[in-house]
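S.K.: Numbering (this note's numbering), first residue to last: 817 to 979.
Below is a structure I'd like to ask you about.
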Amino acid sequence: MAMNSSTSISKTLKSDVKNGITTVTSKKRPQNLFAKAPIVRLQGQPVLLFTEQQGTLLQALEAKKVKIFSECRNGFCGACKTRVISGKVSYLNEPLAELKHDECLPCCCVPTEDLELDLSPEGAAVVTYACQPRQSKVSLAKSKQTQHEASTTHTLKQEVFED
């Protein structure tokens with residue numbers, strides 16, 4: 817039994833023994849630690865920033881309260897079949913359900929780039945960005961100068977009418 821487990825490990829790991837120290841390295845391609853996390857949109861509305869910790873796309877969508885029907889959660893039945901408007905996914909395990917070129921099974925896939933799905937964002941916690949226009953120092957200074965000029969003019973008018 818130990819032979820089988822070490823054989824399967826040797827397919828994905830490489831070990832090197834030097835000076836009595838064993839170094840084990842993976843043959844798998846290293847992940848880019850600085851890769852941009854895909855944004856998932858539902859009919860144009862940004863709903864989530866996908867990370868590997870969220871599991872499958874289905875799990876991430878459910879965590880955001882997106883209503884999506886599913887049954888097997890493994891790619892067998894096709895119940896969660898969803899139309900992809902733009903973007904790409906990769907499958908954690910190959911789905912058995914038949915798919916068209918513009919469909920995915922969220923139960924067994926993860927987005928590999930920004931993704932837009934034909935799902936209703938209704939009920940989902942949609943991501944919103946609160947942006948206020950910034951004033952440059954020049955426009956802020958001009959604004960203060962204009963306020964000062966207006967108060968000076970008002971003071972002068974009062975003096976003229978009081979005399």
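Think of the CB as a built atom: it goes at the ideal place given N, C-alpha and C, for glycine as much as any other residue.
Since we're looking at a predicted model, the values are computed, not measured.
Determine the closest residue to His917 out of Asn890, Gln875, Val926 and Val905, with distance taken between C-alpha atoms.
M.R.: Val905
S.K.: Could you check how far apart the C-beta atoms of Thr867 and Cys924 are, in whole angstroms? I think they sit under 8 angstroms.
M.R.: Contact doesn't hold; Cβ gap of about 17 angstroms is too wide.
S.K.: Could you spell out the range, first to last residue, of the beta strand (DSSP E) harbouring Leu933?
M.R.: Leu931 to Leu933
S.K.: Within 8 angstroms (strictly less), CB to CB, does Gly871 reach chain D?
M.R.: Note that chain D does not occur in the displayed structure, where there is just one protein chain.
S.K.: At the level of alpha carbons, what is the spacing between Pro937 and Gln859?
M.R.: 7 angstroms
S.K.: What three-state label does DSSP hand Cys896 in the structure shown?
M.R.: DSSP, read as helix, strand or coil, puts Cys896 in coil.
S.K.: Excluding the five sequence neighbours on either side, which residues of its own chain have a C-beta within less than 7 angstroms of the C-beta of Cys896, listed in chain order?
M.R.: Leu874, Ile884, Phe885, Ser886, Leu921, Pro922 and Cys923
S.K.: Using only the alpha-carbon positions, how far apart do Arg857 and Tyr907 sit?
M.R.: 19 angstroms
S.K.: For Glu878 and Gly894, I'd like the C-alpha separation in whole angstroms.
M.R.: Between Glu878 and Gly894, the alpha-carbon positions lie close to 17 angstroms from each other.
S.K.: Thr898 and Glu932 look like a contact to me (Cβ under 8 angstroms); what is the Cβ gap, rounded to whole Å?
M.R.: The Cβ separation is near 11 angstroms, so there is no contact.
S.K.: What are the boundary residues of the beta strand (DSSP E) that includes Gln861?
M.R.: Gln861 to Leu865
S.K.: To the nearest angstrom, how far is it from the Cα of Asp934 to the Cα of Lys852?
M.R.: 23 angstroms
S.K.: Can you list, in chain order, the residues of its chain with a C-beta nearer than 8 angstroms to that of Ala913? Leave out the 5 residues immediately preceding and following it.
M.R.: Gly891, Phe892, Cys893, Gly894, Lys897 and Leu921
S.K.: If you follow the beta strand (DSSP E) that Leu858 is part of, which residue opens it and which one closes it?
M.R.: Ile855 to Leu858
S.K.: Which residue wins for smallest C-alpha separation from Gln869, given the options Gln861, Pro854, Lys881 and Pro862?
M.R.: Pro854
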